[in-house]
Amino acid sequence: AQSVTQLGSHVSVSEGALVLLRCNYSSSVPPYLFWYVQYPNQGLQLLLKYTSAATLVKGINGFEAEFKKSETSFHLTKPSAHMSDAAEYFCAVREIQGAQKLVFGQGTRLTINP
Amino acid sequence: GAGVSQTPSNKVTEKGKYVELRCDPISGHTALYWYRQSLGQGPEFLIYFQGTGAADDSGLPNDRFFAVRPEGSVSTLKIQRTERGDSAVYLCASSPTGPSYGYTFGSGTRLTVV
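Each protein sequence line maps, in turn, to chains A and B.
Note that this note's numbering numbers the first sequence so that position 39 is 39, with each residue one more than the last.
Take any residue in the second sequence, note its place counting from 1, add 1000, and you have its number in this note's numbering.
What follows is the structure, given as structure tokens:
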């Protein structure tokens, strides 16, 4: 079964600093990987996705993620944090068989300090 | 519609009562998913519809939970004899068929059982 692990349930950075949110996946086949963001009391919004094209994927709001097969990782980064980036971030892998459901990590809460 | 619509946005019910949660997916999306998100957790899969049929209901926690999608569009998640442990945010998502697509999520229904 496919799964994802997000390292660090809570990350805190200063405004303007680099954001790095870690995600490792477990999959026996080339995965489809996603990052979602959830603002308070809202649903999940797709940030970016990896679908076996370019290994460096650019998303919305200045975020990007790099697929590294050798490390089974798909870490999310942003060069300079903004206060509006404070939210919960979820990494997910999508099954390619059956229900093709998304399997989510536990999430990482990002706090931005002024 | 332009997005996935879920109603109601909030529902407070007494223990033992019956509730229905509605999801109106994006027009043309054949795949529809229900997830449940407890506080501080990632979303957990409940059930998947492809068209009108429930293709995978392996995530439903017990037989008090049931969902339908009679015309292949709107779906209703039904919970009988609600328990306090059912309190969570229930998320609906729709997607075109195919694992390279991300889901589009609704804003969720926050269910509180008192």
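Backbone N, C-alpha and C fix where the C-beta goes; we use that ideal spot for every residue, glycine too.
Straight-line measurement puts the Cα of Glu64 (chain A) at about 22 Å from the Cα of Gln2 (chain A). Following the DSSP letters along the chain, one finds Thr55 (chain A) in no beta strand (DSSP E), marked with neither H nor E. Taking 8 Å as the cut-off, the beta carbon of Val1114 (chain B) is found no closer than this to the beta carbon of Glu1020 (chain B). Chain A has no Cβ within less than 8 Å of the Cβ of Asp1024 (chain B). Look at the beta carbons and you see the stretch 74-83 of chain A touching the stretch 18-32 of chain A: at least three pairs across the two are nearer than 8 Å.
Neighbours of Phe1066 (chain B) in chain A, taken as residues whose beta carbon is under 8 Å from its own, are absent, since the nearest beta carbon is some 17 Å off.
Taking one beta carbon from each stretch, the stretch 1087-1102 of chain B and the stretch 1029-1043 of chain B have 3 or more pairs nearer than 8 Å; the two touch.
Lys49 (chain A) sits in a strand when the DSSP states are folded into three classes. In this structure the stretch 1075-1092 of chain B does not lie against the stretch 79-98 of chain A, because fewer than three pairs of beta carbons, one per stretch, are closer than 8 Å. Residues of chain B whose Cβ lies closer than 7 Å to the Cβ of Thr51 (chain A) are, in chain order, Ser1100. Under the Cβ criterion of 8 Å, Lys101 (chain A) is counted among the residues facing chain B. As computed with DSSP, Lys1011 (chain B) is found in a beta bridge with B:Leu1111. With a cutoff of 8 Å on beta-carbon distance, Gly98 (chain A) and Asp1056 (chain B) are scored as near each other. Taking a C-beta distance under 8 Å as the contact criterion, Ser1087 (chain B) and Leu1111 (chain B) qualify as a contact pair. Collapsing the DSSP output to three states places Ser1075 (chain B) in a strand. The beta carbon of Gly59 (chain A) is closer than 6 Å to those of Leu47, Leu48 in its chain, skipping five residues each way along the sequence. Bounds of the beta strand (DSSP E) holding Gln6 (chain A) are 3-7. For Glu71 (chain A), the secondary structure class from DSSP, reduced to helix, strand or coil, is helix.
The stretch 1033-1067 of chain B is shown to contain whole beta strand (DSSP E) runs of 3 or more residues at 1044-1050, 1053-1056, in chain order. Using a Cβ-Cβ cut-off of 8 Å, Gly1051 (chain B) does not count as an interface residue toward chain A, since no Cβ of chain A sits closer than that to its own.
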